[in-house]
Structures are given as structure tokens and as C-alpha cells.
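I have placed the structure first, in the form of C-alpha cells, so that the comments after it can refer back to it.
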Amino acid sequence: MTLSWLESCLISRNYFAQMDTWLAVLVVIIVVCIKYVWDIPTEETFPYKILYRCVYLYGVISYTAARMMSYVNGKNFAENYRTFLTMMIPTAKETESTTSDVLVKTTEFDGIEVRQYQNVRLTVDGERPAFLFIHGGGYVLSSPGVYDDLLKLICRDLGYYVAQIHYTLAPEGKFPRAYNDCLTACLWFFRNSERFSVNPHRVVISGDSMGGQIAASVVQALCKDPPSQNQEPKF
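This is the structure in C-alpha cells:
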């Protein structure tokens with residue numbers, strides 16, 4: 001009876017000692033994170049300082065965790081990093097959705113996945129302009145859903161036909177797969193613009209971050225080799 005009591009006491013002491021250790025580690029991590037975040041310089045007039053710092057901290061933690069997970073689950077860094085980022089950043093899982101003004105639908109341009117936005121309240125009279133968008137993410141991250149709000153706004157307020165090209169991400173798609181996907185989709189769109197009541201001479205090709213670099217490369221390629229003789233893009 002006495003031995004059992006002593007054993008239970010020792011187990012309890014070890015348990016609480018372990019709890020104290022983990023608590024101390026947690027406190028240190030929190031303090032380091034706060035110090036790390038607060039040292040990020042921001043303008044005095046910037047209205048979202050705390051949110052900006054929290055997002056930055058989440059990115060640092062995700063980056064570090066993805067590196068560590070690569071040694072545990074055997075997946076590459078990009079796959080693990082995507083997993084962490086999708087916990088915070090929305091993805092375009094739905095194939096179709098409708099707001100009060102804009103119909104969002106996932107389709108394909110010559111086998112390349114494209115997310116298109118059309119103003120359901122706009123009556124198309126003749127040919128309209130188009131806005132082709134290429135998302136960012138350093139070739140390995142992001143998805144069309146991240147830019148939904150922006151592209152819905154462009155579609156609703158400007159009356160453009162809007163399409164967002166979802167190129168194959170690396171490392172699954174080796175360079176220059178992303179560029180080739182975007183060029184293929186753009187060429188197909190120019191050659192089939194009448195299907196969307198779009199004026200091929202009024203098409204904007206744009207992108208964010210790495211998508212901007214791809215957009216510039218695609219425009220240069222289209223200028224050198226236009227889809228047809230009467231569809232040469234203009235800067």
C-alpha cells in the first residue's frame with residue numbers, strides 16, 4: 001500500500017514537472033513570436049499593423065513547419081507549405097457559384113483550367129472587352145480563389161469578361177510548364193473570342209507577382225507570333 005502511494009506521488013511529480021517544462025517552452029515561444037512580430041517596421045499611418053504582423057508571423061511559422069515536416073512525412077517543401085497556407089488562404093474548390101451580380105464558373109481553355117467571371121446583370125450588346133488574369137505564388141503556391149473578390153469587382157464594375165488561368169504548379173509541373181499553360185490558354189481564347197462576345201483587340205492580359213512576369217512573357221510571345229493576322233496584341 002505504501003509502495004503504491006509512493007509510486008503515485010513520483011508519477012504525479014514527473015507529470016507536473018513535464019507540464020512545467022512544456023509550459024516554460026510555450027511561454028518562451030510566445031515571447032519570441034511577440035518580439036519577432038513587433039520588430040517588423042511599418043509606417044505610422046498604416047491602419048492594419050497588428051493584422052499585417054500576425055499574417056507575417058503565420059507565414060514564418062508555416063515556412064519553418066513545412067521545412068520540418070519534410071523530414072517527417074517525406075513530402076517536399078512546396079507540398080507541405082501549401083497545406084499550411086490553405087488553412088488561412090481560401091481555395092477555389094467549388095466549380096460554380098453565383099453572387100447577386102457575377103457568375104463564377106470553372107471551365108477549360110484547350111485543356112487548361114480557367115476560372116471565368118461573367119456579369120449576370122449586364123446585357124451584352126456587341127463585343128465587350130476581356131480581362132485575362134494569371135495568379136501569383138512563385139510558381140508553387142496560391143490558387144484562383146485568392147483573387148475572387150478582386151476579379152468579381154472588375155467584372156461587375158467594368159463590365160469585362162474576366163478569366164483567370166490556373167496554370168500547373170511546381171514541382172508537379174516543371175519549368176516552363178506554367179508559362180506554356182498560360183500561353184496555350186491565351187492563344188485558344190484569342191482564336192475563340194467570338195464564343196464569349198469578346199473583341200479580340202480589347203483584351204487585357206495581367207497578373208500578380210509571378211503571374212505578372214508570366215503575363216509579360218505571354219504578351220511578348222503573342223506580339224512575335226499573333227494568333228492571327230488581324231489579332232496582333234497592342235501594348
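Mapping the sequence shown onto the UniProt record's numbering, position 150 (from 1) lands on 150, and the numbers just tick up by one.
All residues carry an ideal CB built from backbone N, CA and C; glycine is no exception.
Which residue from the options puts its Cα closest to that of residue i?
i, options, result
"S209", "L57, G138, K49, P171", "G138"
"N199", "F77, A130, I112, N76", "A130"
"V140", "P171, R115, N180", "P171"
"I30", "T45, M87, P47, C54", "C54"
"T86", "S193, P144, C182, R121", "P144"
"D101", "L51, L158, R195, I112", "L158"
"Y179", "Q118, A215, L153", "A215"
"N192", "L153, G74, E108", "E108"
"R128", "S62, A24, F196", "F196"
"R202", "D125, P47, Y160, C155", "Y160"
"L103", "N73, Y71, L151, G126", "L151"
In the DSSP output, what is residue i paired with across the bridge?
i, result
"S206", "F133"
"Y161", "A130"
"Q116", "K105, A163"
"V27", "Answer by DSSP bridge pairing: none, since V27 is not bridged."
"V60", "Answer by DSSP bridge pairing: none, since V60 is not bridged."
"V198", "R128"
Between which residues of its own chain and residue i is the CB-CB distance below 8 Å, once the five residues before and five after are set aside?
i, result
"G136", "S142, G207, D208, S209, M210, G211, G212"
"Y147", "F133, H135, Q164, D208"
"F175", "Y139"
"R177", "Y167, T168, A170"
"T184", "F109, D110, G111, I112"
"Q220", "none"
Which first and last residues belong to the alpha helix (DSSP H) in which residue i is found?
i, result
"D181", "177 to 191"
"M87", "That residue, M87, is in no alpha helix (DSSP H); it is neither H nor E in DSSP."
Beta-carbon within less than 7 Å of residue i's beta-carbon, same chain only, minus the 5 sequence neighbours each way: which residues are those?
i, result
"A66", "F77, N80, Y81, F84"
"S62", "Y81, F84, L85"
"N119", "D101, V102, C155, R156, G159"
In chain order, what residues of the same chain lie with their CB nearer than 6 Å to the CB of residue i, ignoring the 5 residues before and after it?
i, result
"M69", "N80"
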